[in-house]
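Peer 1: To start, I am sharing the structure in question, which I have written as structure tokens.
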Amino acid sequence: MRIAGREENTILDTSDLERAAMDMLHSVRIGKKQIYIIWGIGSGMVKIGRSVNPHNRITQIQINCPFKLITLAIFPEISGLNEHQLQKALKHLKTESNGEWFTMGDEVIDIVNIANTGYVNQRSQKVKDYIESIESLH
Numbered sequence: 016m017r018i019a020g021r022e023e024n025t026i027l028d029t030s031d032l033e034r035a036a037m038d039m040l041h042s043v044r045i046g047k048k049q050i051y052i053i054w055g056i057g058s059g060m061v062k063i064g065r066s067v068n069p070h071n072r073i074t075q076i077q078i079n080c081p082f083k084l085i086t087l088a089i090f091p092e093i094s095g096l097n098e099h100q101l102q103k104a105l106k107h108l109k110t111e112s113n114g115e116w117f118t119m120g121d122e123v124i125d126i127v128n129i130a131n132t133g134y135v136n137q138r139s140q141k142v143k144d145y146i147e148s149i150e151s152l153h
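Under my numbering, think of the first position of the sequence shown as 16, with each following residue one higher.
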């Protein structure tokens with residue numbers, strides 16, 4: 016589908032967006048793991064985890080969590096990018112309380128911004144590239 020803009024020469028081709036949305040829906044349906052980053056409001060911490068159904072998992076976590084949780088990012092695992100690799104790249108931000116909770120640092124904010132920008136099907140690769148650059152610094 017092509018949508019013409021106000022100016023004669025502006026055209027938005029939504030086929031890439033439609034494909035990316037279908038890919039995300041398909042990955043959930045076939046059971047692909049999704050990486051999620053959630054923030055505990057007022058805690059200064061984020062949790063990085065993975066699940067086939069991150070929305071249900073986050074709801075489960077909220078039951079036992081003393082602070083309100085907000086989902087910051089959800090993106091699919093790809094070859095070379097999984098929950099453990101992301102946690103390893105952010106190990107310098109790990110809290111003492113639990114292995115999946117991290118201090119909200121600049122790198123976490125960068126990852127959240129990358130994971131929520133651009134085409135859905137390219138976000139995981141961009142996050143992977145970014146965490147490789149973090150690992151080379153630490």
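Each residue gets a CB set at the ideal place from its N, CA and C atoms; glycine is no exception.
All figures in this text were calculated on a predicted structure; none of them were measured in a lab.
Are Ile126 and Val142 closer than 8 Å when you measure CB to CB?
Peer 2: Yes; because the gap between Cβ atoms is below 8 Å, this pair is in contact.
Peer 1: State the DSSP-derived secondary structure class of Thr86, mapped to helix, strand or coil.
Peer 2: The answer is strand: DSSP assigns Thr86 an E or B state.
Peer 1: Tell me, which residues are paired with Gln49 by DSSP?
Peer 2: According to DSSP, which records beta bridges pairwise, Gln49 is partnered with Ser66 and Pro91.
Peer 1: Going by C-alpha to C-alpha distance, which of His107, Gln102, Ala88 and Ile78 sits closest to Arg138?
Peer 2: Nearest option by C-alpha distance: Ala88.
Peer 1: How big is the Cα-Cα spacing for Ile129 and Ile85?
Peer 2: Cα to Cα, the separation comes out at about 17 Å.
Peer 1: Indicate whether Gly64 and Glu115 have their beta-carbon atoms separated by less than 8 Å.
Peer 2: Yes; because the gap between Cβ atoms is below 8 Å, this pair is in contact.
Peer 1: Grab the span of the alpha helix (DSSP H) containing Glu147 for me, first residue to last.
Peer 2: Its alpha helix (DSSP H) spans residues Val135 to Leu152.
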